[in-house]
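This is the structure:
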């Protein structure tokens with residue numbers, strides 16, 4: 001299918017056939033989803049691919065027993081992990097350091113490595129630090145001060161940074177759903193759930209947050225509720 005075909009085929013499916021699906025295909029689609037872009041390439045997300053029937057039943061309850069969950073053959077929980085920011089920043093820096101050595105002119109290697117070192121080993125830990133009120137307040141105050149003199153991203157509070165992580169994770173989730181559609185499998189992104197119940201079920205770390213739960217399967221005849229509605233394009237499109 002072309003991209004247009006995939007986009008038209010993908011629907012939020014609310015009821016699935018009892019037909020089992022291939023878990024390996026779901027895993028492959030999740031692997032493709034990791035190709036989605038994330039802010040500063042920090043990749044602060046995890047997937048919890050649920051195939052165990054007992055766990056699926058409990059997860060369906062946590063998803064408020066909606067039919068998209070109770071009839072799902074498998075589900076994937078997308079989670080943000082702010083607590084991994086130092087580890088990921090260091091990993092990305094080490095990768096980019098080798099990238100610079102391989103692809104940069106020799107005379108620019110040292111300067112570029114220094115720039116990336118500052119970005120990932122100083123700036124990222126400062127921006128992504130959680131549960132440290134003084135740091136959060138200081139970075140917000142500093143950003144607002146600089147903004148008076150030049151453009152700067154001033155949305156750097158703890159909640160602002162969590163929003164960044166959720167946006168990045170959303171891009172990954174959308175890529176997963178399109179990959180599933182290419183395989184002829186269906187999905188439904190769910191935001192109606194008890195996040196604390198899910199965190200307890202999956203034994204997630206305290207600082208983690210559930211981004212969304214995506215159910216998986218093959219749509220039944222009643223899986224898609226009628227035609228798709230979208231707000232008229234002219235109401236959302238603005239050419240400047």
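In the numbering used here, the protein residues as written are 1 to 240.
From the three backbone atoms N, C-alpha and C, an ideal C-beta is built for every residue, glycine too.
Keep in mind that this is a model prediction, so the values were computed, not measured.
Query	Result
Checking 9 Å against the spacing of the C-beta atoms, do residue 181 and residue 157 come in under that value?	no
DSSP three-state call for residue 200: helix, strand or coil?	helix
Going by C-alpha to C-alpha distance, which of 4, 2, 8 sits closest to residue 244?	The first residue shown for the chain is 1 and the last is 240, placing residue 244 beyond what the model contains.
Would you mind sorting residue 65 into buried or exposed? The rule is 16 or more other CB atoms within 10 Å of its CB.	exposed
Here's the rule I'm using: 16 or more other beta-carbon atoms within 10 Å means buried, otherwise exposed. How should residue 44 be labelled?	buried
Residue 15 and residue 222 - do their beta-carbons sit closer together than 9 Å?	yes
Assuming residue 59 contacts residue 201 under a Cβ cut-off of 8 Å, what Cβ separation, rounded to an integer in Å, is found between them?	6 Å
Among the candidates 176, 134, 152, 139, whose CA atom is the shortest distance from the CA of residue 75?	176
Note down the Cα distance separating residue 227 from residue 11, rounded to an integer number of angstroms.	10 Å
Using DSSP's beta-bridge definition, name the partner residues of residue 217.	186
Which stretch, first to last residue, makes up the alpha helix (DSSP H) that contains residue 9?	3–9
So, helix, strand or coil for residue 209, using DSSP?	strand
Leaving out five residues on either side along the sequence, give the residues of the same chain with a beta carbon under 6 Å from the beta carbon of residue 98.	none
Can you find the residues in the same chain that come closer than 8 Å, C-beta to C-beta, to residue 190, ignoring five residues on each side of it along the sequence?	63, 66, 68, 69, 212, 213, 214, 215
What ranges does the alpha helix (DSSP H) occupy inside the stretch 94–131, keeping only unbroken runs of at least 4 residues that lie completely in it?	109–118, 124–128
Only counting the same chain, and skipping five residues up and downstream in sequence, which positions put a Cβ closer than 6 Å to that of residue 47?	30, 76
With DSSP run on the structure shown, which of helix, strand or coil describes residue 149?	coil
As an exercise, report each continuous alpha helix (DSSP H) stretch of at least 4 residues that is fully enclosed by the stretch 27–55, in chain order.	none
Based on the DSSP output, what are the partners of residue 75 in its beta bridges?	50, 215
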